[in-house]
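Protein chains: 2
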Amino acid sequence: MRVLLVEDESSISGFLKEGLEEEGFAVDLADNGRKGLEMALDFVNEYDIMLLDWMLPGVSGIEICRSVRKVNQEVPIIFLTAKNTVDDTVFGLETGANDYLKKPFAFEELLARIRVLMRKKTGEQSVFKIGDIQLDIDIHEVTKSGRQIILTQKEFALLELLLRNKGKVCRRTRIMEKIWDVHFDKDTAVIDVFINGIRKKLDDKNSESFIQTIRGVGYRINQEE
Amino acid sequence: MRVLLVEDESSISGFLKEGLEEEGFAVDLADNGRKGLEMALDFVNEYDIMLLDWMLPGVSGIEICRSVRKVNQEVPIIFLTAKNTVDDTVFGLETGANDYLKKPFAFEELLARIRVLMRKKTGEQSVFKIGDIQLDIDIHEVTKSGRQIILTQKEFALLELLLRNKGKVCRRTRIMEKIWDVHFDKDTAVIDVFINGIRKKLDDKNSESFIQTIRGVGYRINQEE
DNA sequence: TAATTTCTTAAGATTAGCTAAAGGTTTGTA
DNA sequence: TACAAACCTTTAGCTAATCTTAAGAAATTA
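Here it is in C-alpha cells:
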C-alpha cells in the first residue's frame, strides 16, 4: 500500500511517516505543495491513498486535490486541516476529497479513516472470528455462538487488536501505544484489568482462556487448526 | 440504475460520481453542455435519471432539459444550480424538470431526492417498520399504532437513517456525516438532542426505548425476532 | 522459597449521554 | 416589512456507564 503524504511541517510529517510505515504502508513524503502536486500527478495511479495538508506554502492542498480529480476520481484523498480554516458546510462538495481530519488528531483516528476508505475500495470484509466468537467492526458487535455480547469501547478495541494479530503476540508496550496512546513505560495494570474483563465476558467456564498470556511479553490469540 | 451527470466543475462531478457509484448507480459523466446534450439525446431511454448543472459553458442545462422533454417526458431530471442564479417561482413552470437543488447542497439531500423520483417512477413502496412504529418515506409520514406522529425534518432524517440500518450500529461520526454533512469530529450534542426528541415522541412510557444507545459508538434499532 | 508478574476486585475519577432551557435561524403570514 | 411560529443548535447541570488506580491474592519462574 503506497501513500503520498504532502505536509510541510516536518514534525507532523515525520510522526505520520513513521507511524504509517510501522503499519506497513510505503510512504512518499513531499514537504511542499509544488513537489506534492508533481508527485501526485506523475504517479497518480501508483498511490492507494493521498494525505494532503490543507494549508501549504505555494501550491495548496486543495489545488492538488482538484488537479488529481481531473485525471483520477478513484484514489481516496484525506485532508489534514488546521483548526477553523475550513467552512464545514461547503467542504464536501467543493473539494472532491473523501474525508478530512482536523489537527490535532489522534493517529489512530487517521488510521481508522484510511482503513474505511481502503475497505470501500477493496471490498474487504471486516469480520474477525475465533472459535465461536465473532467480532464485526462495521456494525460494532461481538457475538458468542450467535448471541450478542456487549463490550465497552476499550474492551472492543483491545479485542480487535488481538484478533487483527491472531497468531502473533501483542506486546504490552504495543497495546499501550495502540489502545491507550501511551508511548512510554508506564507502571499500570489497565491492560490486565481489561483482559480480565474480556475473558469474563467471553471465555467458556472451566476451560483455558482463548486469550493466552505470554508472561513478560503480552497476550496472544492462537490461530485455529 | 443509470445516471447521466452533466457538470463542468470536476471537483463537484468527481465527488458526485463517486458518491453515486458507492450507492450503486452507474454514472455517465459529461463535463460540458454540448457533450451532455449529445449523450442525453442519444441514450435518452437508457437513463433512469438526469442530473444537470444549470450554468454550463456553451449549451446550458436548461437547453438540454428542453431538448430531452421533446422526446421523453418520463425521465426524472434534477437541476443543480448555483446560489441565487435562479428565480424559484419561475423555475418549475419553465423547464419541465422534476426537481432542483441549490449548491452547496448535502450529498444526502441529492440522494433523497433521487430516491423520491425513482420511487415515483417504479411505484415501489418505501415503508420501514419497527414494532408499532411505521415510517413512510414517500408521503413523509410517521405513525405509531396507526396514529400520525409529526416529526421535524431532522428527526425524520435521523429516524430514517436508523431504520435503514436496522440491526446495525449507526456511529456518531456517520450520523454527523449523513444528516449534518459534517466530516470531522465536532464537539456537539445535536445528535443527543434529536435522539431525545424522537424518543419522546415515539417511545412507550415505562419501557425501554426502541433506540438503543451504544455508548462511545452511536445508536441502534434492534432487529425484531 | 523468594522474587516477579499477572489476576482479580473494588473504589474513586472521569467521561459520555440525557435532558431542559435558551438563543438563533428560517419560514410562513398578515 | 414585521411579526409569530416552528425548527435547529448550543449550553450546562445531572446521572450513569466506563475507565483507571490501587492493593492484596494467585500464579509462575529462578
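Just so you know, the sequences run in chain order A and B.
Counting from 856, one number per residue, gives the positions in the first sequence under the numbering used here.
Counting from 856, one number per residue, gives the positions in the second sequence under the numbering used here.
Heads up, the beta-carbon is just placed ideally off N, CA and C, and yes, glycines get one too.
Contacts with chain B at 7 Å (Cβ-Cβ) do not include LYS999/A. Only those residues of the segment 1032 to 1061 of chain A whose C-beta falls short of 9 Å from the nearest C-beta of chain B would be listed, and there are none. Look at LEU956/B here: in three-state DSSP terms it is strand.
The criterion of a C-beta distance shorter than 7 Å is satisfied by LEU990/B and LEU1018/B. Under the 8 Å Cβ criterion, the segment 960 to 975 of chain A does not count as touching the segment 906 to 923 of chain B, having fewer than three qualifying pairs. Of the residues assessed, ASN1051/B falls on the exposed side of the cut-off, its CB having fewer than 16 other CB atoms within 10 angstroms. Straight across, the Cα-Cα distance linking VAL1024/A with SER1062/A is about 21 Å. Counting every other CB atom within 10 Å of its CB across the protein chains shown gives HIS995/A a total of 16 or more, marking it as buried. Bounds of the beta strand (DSSP E) holding ALA881/A are 881 to 885.
For ILE933/B, the beta-bridge partners assigned by DSSP are LEU906/B, ASP954/B.
For the segment 1014 to 1068 of chain A, the continuous alpha helix (DSSP H) assignments of 4+ residues that do not extend past its boundaries occur at 1027 to 1035, 1045 to 1057, in sequence order.
Distance from ALA895/B to ILE919/B at the Cβ level is roughly 5 Å; contact confirmed, criterion being Cβ atoms closer than 8 Å. Rounded to whole angstroms, the gap between the alpha carbons of LYS1060/B and GLY986/B is 14 Å. Interface with chain A (7 Å Cβ-Cβ cutoff): VAL858/B is excluded.
Per DSSP, reduced to three states, the secondary structure at ILE969/B is helical. The C-beta distance from THR998/A to ILE1004/A rounds to 6 Å, short enough to fall under 8 Å.
Ranked by Cα distance from GLU901/A, the first of VAL914/A, ALA881/A, LYS890/A, ASN887/A is ALA881/A. The three-state reading of DSSP puts THR977/A in helix, counting H, G and I together. Proximity to ARG1054/B across THR1028/B, VAL1045/B, PHE1065/B peaks at PHE1065/B, based on C-alpha coordinates. Exclusion of the five residues before and after THR1068/A leaves TYR1074 as the residues of its chain whose Cβ lies within less than 7 Å of its Cβ. Boundaries cannot be given for PHE898/B, as no beta strand (DSSP E) includes it and DSSP labels it neither H nor E. Of all residues in the segment 871 to 895 of chain A, none is placed with a Cβ closer than 7 Å to any Cβ belonging to chain B. Residues of chain B with a Cβ closer than 9 Å to the Cβ of ILE994/A are, in chain order, ASN1020, GLY1022, LYS1023, VAL1024, ARG1075.
For GLY1071/B, the residues of chain A that pass the 9 Å Cβ criterion are THR1007, GLN1008, LYS1009, PHE1011, in the order they occur in the chain.
Of all alpha-carbon atoms in LEU875/A, LYS1056/A, SER865/A, the one lying nearest the alpha-carbon of PHE1011/A is that of LYS1056/A. As the crow flies, the alpha-carbon of SER922/A is around 25 Å from that of GLU1032/B.
Within the same chain, Cβ atoms closer than 6 Å to the Cβ of ILE988/A are found at LYS999, LEU1057, the five residues on either side in sequence being excluded.
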